[in-house]
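Enquirer: Handing you this structure, nothing more for now.
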Amino acid sequence: MSAHSITEPSATTKWISGGLVVAYAVVTLIPLLWIVATGFKTPADAISYPPKVVFDPTIEGYVNLFTTRTRVTPEQLESLPPPEGIAEEIVRSYGMVIAGPSRFGERFMNSVVIGFGSTFLSVFLGTLAAYAFSRFKIPLSDDLLFFILSTRMMPPIAVAIPIFLMYRQLGLSDTHLGMILLYTAVNISLAVWLLKGFIDEIPREYEEAALIDGYTRFQAFYKVVLPQAATGIASTAIFCLIFAWNEYAFAVLLTSGTAQTAPPFIPTIIGVGGQDWPAVAAGATLFLLPVLIFTVLLRKHLLRGITFGAVRK
Amino acid sequence: MAEIVIRNLRKEFGDFTAVEGSSFTIGDGEFFMLLGPSGCGKTTTLRMIAGLELPTSGEILIDGEDVTRKPASQRDIAFVFQMFALYPHMNVRRNIAYPLVSQGMPKAQVKAKVAEVARILGIEEILEHPVSGLSGGDRQRVALGRAIVRSPKAFMMDEPIGALDAEFRERMAEELRALHDRMGATTVYVTHDQLEAMQMGDKIVVMNHGVVEQFGTPQEIYDHPATMFVADFIGSPSMNFIRFEGGFRPGDTSVRLAGAEVAVPALREEADGRRLVLGVRPEHVHLTDAADAVLRGRVEAVEYLGTTQIVTLSTVNGPLRARVASSEVVRPGEVAGLAFDARTLSLFDAGTGRAFVTAANEGVHDG
Ligand SMILES: Nc1ncnc2c1ncn2[C@@H]1O[C@H](COP(=O)(O)OP(=O)(O)OP(=O)(O)O)[C@@H](O)[C@H]1O
Ligand SMILES: [Mg+2]
Numbered sequence: 001m002s003a004h005s006i007t008e009p010s011a012t013t014k015w016i017s018g019g020l021v022v023a024y025a026v027v028t029l030i031p032l033l034w035i036v037a038t039g040f041k042t043p044a045d046a047i048s049y050p051p052k053v054v055f056d057p058t059i060e061g062y063v064n065l066f067t068t069r070t071r072v073t074p075e076q077l078e079s080l081p082p083p084e085g086i087a088e089e090i091v092r093s094y095g096m097v098i099a100g101p102s103r104f105g106e107r108f109m110n111s112v113v114i115g116f117g118s119t120f121l122s123v124f125l126g127t128l129a130a131y132a133f134s135r136f137k138i139p140l141s142d143d144l145l146f147f148i149l150s151t152r153m154m155p156p157i158a159v160a161i162p163i164f165l166m167y168r169q170l171g172l173s174d175t176h177l178g179m180i181l182l183y184t185a186v187n188i189s190l191a192v193w194l195l196k197g198f199i200d201e202i203p204r205e206y207e208e209a210a211l212i213d214g215y216t217r218f219q220a221f222y223k224v225v226l227p228q229a230a231t232g233i234a235s236t237a238i239f240c241l242i243f244a245w246n247e248y249a250f251a252v253l254l255t256s257g258t259a260q261t262a263p264p265f266i267p268t269i270i271g272v273g274g275q276d277w278p279a280v281a282a283g284a285t286l287f288l289l290p291v292l293i294f295t296v297l298l299r300k301h302l303l304r305g306i307t308f309g310a311v312r313k
Numbered sequence: 314m315a316e317i318v319i320r321n322l323r324k325e326f327g328d329f330t331a332v333e334g335s336s337f338t339i340g341d342g343e344f345f346m347l348l349g350p351s352g353c354g355k356t357t358t359l360r361m362i363a364g365l366e367l368p369t370s371g372e373i374l375i376d377g378e379d380v381t382r383k384p385a386s387q388r389d390i391a392f393v394f395q396m397f398a399l400y401p402h403m404n405v406r407r408n409i410a411y412p413l414v415s416q417g418m419p420k421a422q423v424k425a426k427v428a429e430v431a432r433i434l435g436i437e438e439i440l441e442h443p444v445s446g447l448s449g450g451d452r453q454r455v456a457l458g459r460a461i462v463r464s465p466k467a468f469m470m471d472e473p474i475g476a477l478d479a480e481f482r483e484r485m486a487e488e489l490r491a492l493h494d495r496m497g498a499t500t501v502y503v504t505h506d507q508l509e510a511m512q513m514g515d516k517i518v519v520m521n522h523g524v525v526e527q528f529g530t531p532q533e534i535y536d537h538p539a540t541m542f543v544a545d546f547i548g549s550p551s552m553n554f555i556r557f558e559g560g561f562r563p564g565d566t567s568v569r570l571a572g573a574e575v576a577v578p579a580l581r582e583e584a585d586g587r588r589l590v591l592g593v594r595p596e597h598v599h600l601t602d603a604a605d606a607v608l609r610g611r612v613e614a615v616e617y618l619g620t621t622q623i624v625t626l627s628t629v630n631g632p633l634r635a636r637v638a639s640s641e642v643v644r645p646g647e648v649a650g651l652a653f654d655a656r657t658l659s660l661f662d663a664g665t666g667r668a669f670v671t672a673a674n675e676g677v678h679d680g
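Have a look at this one:
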């Protein structure tokens, strides 16, 4: 036996644990796979009973998601020049033509601007506040920190009505700025607390060394503390983004047009004769991607950061 | 190059006083030791000199200029931290270059400087390494490199070799002292190891509970401790304390102890019927059968140390240790007479712990 056979699990153990992980992954991923699959079904396949697991994939859902269509008479359809591209072809097979782009792209961009904007603001303010709480003697700092945390004890939606009225007065309803501020307000307590934990873990000596080396306090913060806190900042950013990206209740209440985000928009996609499920599923699939990509990009940091500094040396 | 003057320096953390009215002067080019047990305020004192901590009161002068309220970045002092505090996200080269970059030095010049420092410290091969994989000794050298690269007025070192393993410490201590002798820059060095302080320092400040107990050369401190704390803290094994009651007047050259007259350096003070302590270093206790023996003791244990041996005896005044040549034959159980070197004895007030002024130590105590 080799020297590390003591810690190395046996082949059987590996297979069993591997199998368990796969089984768990399948169970949790089924709803997700279902959504992705539905996005590639025809409306009929999407609602067929019993549900179809094997089907002919089509991009109809995606075409419907990105376009608005109008019905035309068969004669009009005849008189049109031959369809350009696959999208045109699919739409015509239903006796319709593409009238223009849908609002999905716009709503999606709203989500991006508001989601990433509020994440940036939360993490930016959170880092500064966390640094101050971590390094300086702040009068009543414990009480202040508790107060910051307490803003999270009540579900945000409990204050929906006052916020709705306040936003109307301030003209912030249905604006990007309004939604960014709102999500920042909700996220900032989390950001301050998480980041304070991370910054507490960074030895002060690093900054002090920079102060001695002739840098100002701000330079020391910027050049020495920030790179050290990258892990914490990345994981905090992911938590903030996930909340802001998926938030539904406030989005429904406070946005209806200009600043509407994707979550309230997607379920409202109507096709011929009711809800267009493949289009909804296509929208949901695309909606999942940014958080997924963001998380994968920051994965390296996240894996280390999620242990809240326990593994730093 | 700088002379650092500390005047009545005091630091309070809330209700707790970490440093109480310290005053001492660090001469230009001196290798200066701040010595004391854990928690006595050494680091706090050093941090105040460097500008990392604001004193509650008192003054710090560097080359005659009052820097008490100046930020660290304007004091031109380098600091070697106990755990080195190398910037973890930079490699060795960038760590060493960092203080120069802050001054806006041109790249080529930075490069030359770093190369020179690396050569002095013998770390040329690891310049491109990340600092995370370095051994303790190399980290230490990089930290030193970062300190010496901009030729600051003075160096502050907080137990710089405390984190290294024992065998390496000695070598590093020698390297440090050699580096200092070569550059001649004022260095303030914190340690809780009295041996290290004695070996390396030009001057030593001994601190205890935030108070400066004594300030002087290693020899002054060893031979003429100003307080019982210093006497006990410095030297291994530490000074013997023989407790007795009695008195003396100025000019006396002996005290009565357990019925015998013990010759001491001529006294300059007086004391009456007080609890006193006679301090005698183990190496100044002689085993003798002659008539000059002032005490008798029974040998309890003998510890062989090569050239010398430590003999533990029990006497009517308590246990006593003597350092005698290994060539002397001493057996546990036997009774020996004890004699002391008169010139080397210290007398303390048992109540305050303060040493009485004698012909031997006058002019030495100013801590
Ligand atoms: N920022 C602070 N707030 C409160 N108390 C402090 C602070 N810094 C130091 N102290 C206290 O001041 C005292 C002196 O601390 P200091 O670090 O100067 O000791 P030291 O002599 O360097 O000890 P060591 O050998 O353990 O490093 C200690 O009791 C410590 O707990
Ligand atoms: Mg210390």
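So the sequence lines, in the order shown, correspond to chains A and B. For the first sequence, the working numbering gives the first residue as 1, with consecutive numbering after it. For the second sequence, the working numbering gives the first residue as 314, with consecutive numbering after it. Every residue gets a Cβ at the ideal spot worked out from N, C-alpha and C, and that includes glycine. Note that the structure is predicted; figures quoted are calculated from it, not measured.
Could you give the first and the last residue of the continuous alpha helix (DSSP H) run that contains G417 (chain B)?
Expert: That residue, G417 (chain B), is in no alpha helix (DSSP H); it is neither H nor E in DSSP.
Enquirer: What do you get for R594 (chain B), buried or exposed, if any count of 16 or more other CB atoms within 10 angstroms of its CB means buried?
Expert: So R594 (chain B) counts as buried.
Enquirer: By DSSP's criteria, Q622 (chain B) is part of a beta bridge. Which residues make up the other side?
Expert: DSSP, once it has assigned bridges, lists B:Y617, B:V637 as partnering Q622 (chain B).
Enquirer: Which of helix, strand or coil does DSSP assign to E526 (chain B)?
Expert: Looking at E526 (chain B) - three-state DSSP - the assignment turns out to be strand.
Enquirer: Could you tell me if A310 (chain A) is buried or exposed, where buried requires 16 or more neighbouring beta carbons within 10 angstroms of its beta carbon?
Expert: Caution is warranted here: a pLDDT of 40 is assigned to A310 (chain A), below 50, making its placement in the model unreliable, and no coordinate value can be reported.
Enquirer: Please decide whether I390 (chain B) counts as near chain A, where near means a Cβ-Cβ distance under 8 Å.
Expert: It does; some Cβ of chain A falls within 8 Å.
Enquirer: Check each residue's C-beta against every heavy atom of ligand 1 and list, in chain order, those closer than 6 Å.
Expert: Selection output, chain order preserved: B:F326, B:F329, B:A331, B:G349, B:S351, B:G352, B:C353, B:G354, B:K355, B:T356, B:T357, B:H505.
Enquirer: Quick one: is G126 (chain A) buried, meaning 16 or more other Cβ sit within 10 Å of its Cβ, or exposed?
Expert: It is buried - the Cβ of G126 (chain A) has at least 16 other Cβ atoms within 10 Å.
Enquirer: At a Cβ threshold of 8 Å, is M396 (chain B) touching chain A?
Expert: Yes, because at least one Cβ of chain A sits closer than 8 Å to the Cβ of M396 (chain B).
Enquirer: Can we say the region 365–383 of chain B touches the region 550–558 of chain B, given the rule of at least three CB pairs closer than 8 Å?
Expert: Verdict: no, contact absent.
Enquirer: Does DSSP put A310 (chain A) in a helix, in a strand, or in coil?
Expert: Model confidence at A310 (chain A) stands at a pLDDT of 40, short of 50, so the residue's coordinates are unreliable; what they give is reported in the following sentence. Note: A310 (chain A) maps to coil in three-state DSSP.
Enquirer: Residues of chain A with CB under 7 Å from P412 (chain B), in chain order?
Expert: Neighbours of P412 (chain B) on chain A, chain order: D213, G214.
Enquirer: Please name the residue in B:D494, B:A635, B:G342, B:V524 whose C-alpha comes closest to that of S549 (chain B).
Expert: Comparing Cα-Cα distances from S549 (chain B) to each of B:D494, B:A635, B:G342, B:V524, the minimum goes to B:A635.
Enquirer: Along the chain, where does the beta strand (DSSP E) that runs through D585 (chain B) open and close?
Expert: Counting along the chain, the beta strand (DSSP E) containing D585 (chain B) begins and ends at 584–593.
Enquirer: Please check if any C-beta of chain A sits within less than 8 Å of the C-beta of A315 (chain B).
Expert: Cβ-Cβ to chain A under 8 Å: no for A315 (chain B).
Enquirer: Following the continuous alpha helix (DSSP H) through H176 (chain A), name the residue where it begins and the one where it ends.
Expert: Run containing H176 (chain A): 176–201, per the alpha helix (DSSP H) assignment.
Enquirer: At 8 Å on the CB atoms, spell out the chain B contacts of P227 (chain A), in chain order.
Expert: The answer, in chain order, is H402.
Enquirer: Does W245 (chain A) pass the burial test, meaning 16 or more other C-beta atoms within 10 Å, or should it be called exposed?
Expert: Classification for W245 (chain A): buried.
Enquirer: Would you say I390 (chain B) and A486 (chain B) are within 8 Å of each other, going by their C-beta atoms?
Expert: Taking 8 Å as the Cβ cut-off, I390 (chain B) and A486 (chain B) do not qualify as a contacting pair.
Enquirer: Around the C-beta of R684 (chain B), are 16 or more other C-beta atoms found within 10 angstroms, so that it is buried, or is it exposed?
Expert: In this structure chain B extends from 314 to 680, so residue 684 (chain B) is not present and cannot be described.
Enquirer: Could you pull out every unbroken beta strand (DSSP E) segment of at least 3 residues lying fully inside the region 346–410 of chain B, listed in chain order?
Expert: Whole beta strand (DSSP E) segments, 3+ residues: 370–375, 390–393.
Enquirer: Have a look at the DSSP bridge pairing and note the partners of Y502 (chain B).
Expert: Y502 (chain B) pairs with B:M346, B:M470.
Enquirer: Figure out for me which residue from A:W277, A:N187, A:G197, A:F124 has the closest Cα to the Cα of L241 (chain A).
Expert: Answer by Cα proximity: A:N187.
Enquirer: With C-beta atoms as the reference, is I61 (chain A) less than 8 Å away from P264 (chain A)?
Expert: Ile is not the amino acid found at residue 61 (chain A); the sequence shown has Gly there. Going by C-beta atoms, G61 (chain A) is not nearer than 8 Å to P264 (chain A).
Enquirer: Taking only runs of the alpha helix (DSSP H) that begin and end inside the region 224–299 of chain A, which ones reach a length of at least 4 residues, in chain order?
Expert: Runs found: 230–246, 249–254, 262–265, 277–297.
Enquirer: Quick check: does the Cβ of V519 (chain B) come within less than 7 Å of any heavy atom belonging to ligand 2?
Expert: Flag unset: Cβ of V519 (chain B) not near ligand 2.
Enquirer: Tell me which residues of the region 329–363 of chain B have at least one Cβ-Cβ distance to chain A shorter than 7 Å, keeping chain order.
Expert: Within the region 329–363 of chain B, the residues whose Cβ lies closer than 7 Å to some Cβ of chain A are A363, listed in chain order.
Enquirer: Of all the CB atoms in chain B, is at least one closer than 8 Å to the CB of F308 (chain A)?
Expert: The predicted model places F308 (chain A) with a pLDDT of 44, which falls under 50 and marks its position as unreliable, so this point remains unresolved.
Enquirer: Does any CB atom of chain B fall closer than 8 Å to the CB of K14 (chain A)?
Expert: No - not a single Cβ of chain B is within 8 Å of the one on K14 (chain A).
Enquirer: Under 8 Å between beta-carbons, which chain B residues line up against V63 (chain A)? List them in chain order, please.
Expert: Those within 8 Å of V63 (chain A) in chain B number zero; the least Cβ separation is about 48 Å.
Enquirer: Sorted by chain position, which residues of the same chain lie with C-beta nearer than 8 Å to T7 (chain A)'s C-beta, five sequence neighbours on each side aside?
Expert: The answer is none, since no qualifying residue turns up.
Enquirer: Scan the region 190–224 of chain A for residues whose Cβ lies nearer than 7 Å to a Cβ of chain B and list them as they occur along the chain.
Expert: The region 190–224 of chain A vs chain B, Cβ under 7 Å: P203, E205, Y206, E208, A209, L211, I212, D213, G214, Y215, T216, V224.
Enquirer: For a cutoff of 8 Å on Cβ pairs, would you count Q416 (chain B) as touching chain A?
Expert: Answer yes: the Cβ-Cβ gap between Q416 (chain B) and chain A drops below 8 Å somewhere.
Enquirer: Taking P563 (chain B) as the reference, give the member of B:R360, B:T671, B:A638, B:I436 with the closest Cα.
Expert: With distances taken between Cα atoms, P563 (chain B) lies closest to B:T671.
Enquirer: Between L365 (chain B) and chain A, is there a C-beta pair that is closer than 8 Å?
Expert: Answer yes: the Cβ-Cβ gap between L365 (chain B) and chain A drops below 8 Å somewhere.
Enquirer: Check whether the Cβ of V525 (chain B) sits closer than 7 Å to any heavy atom of ligand 2, and report yes or no.
Expert: Incorrect: V525 (chain B) has no Cβ contact closer than 7 Å to ligand 2.
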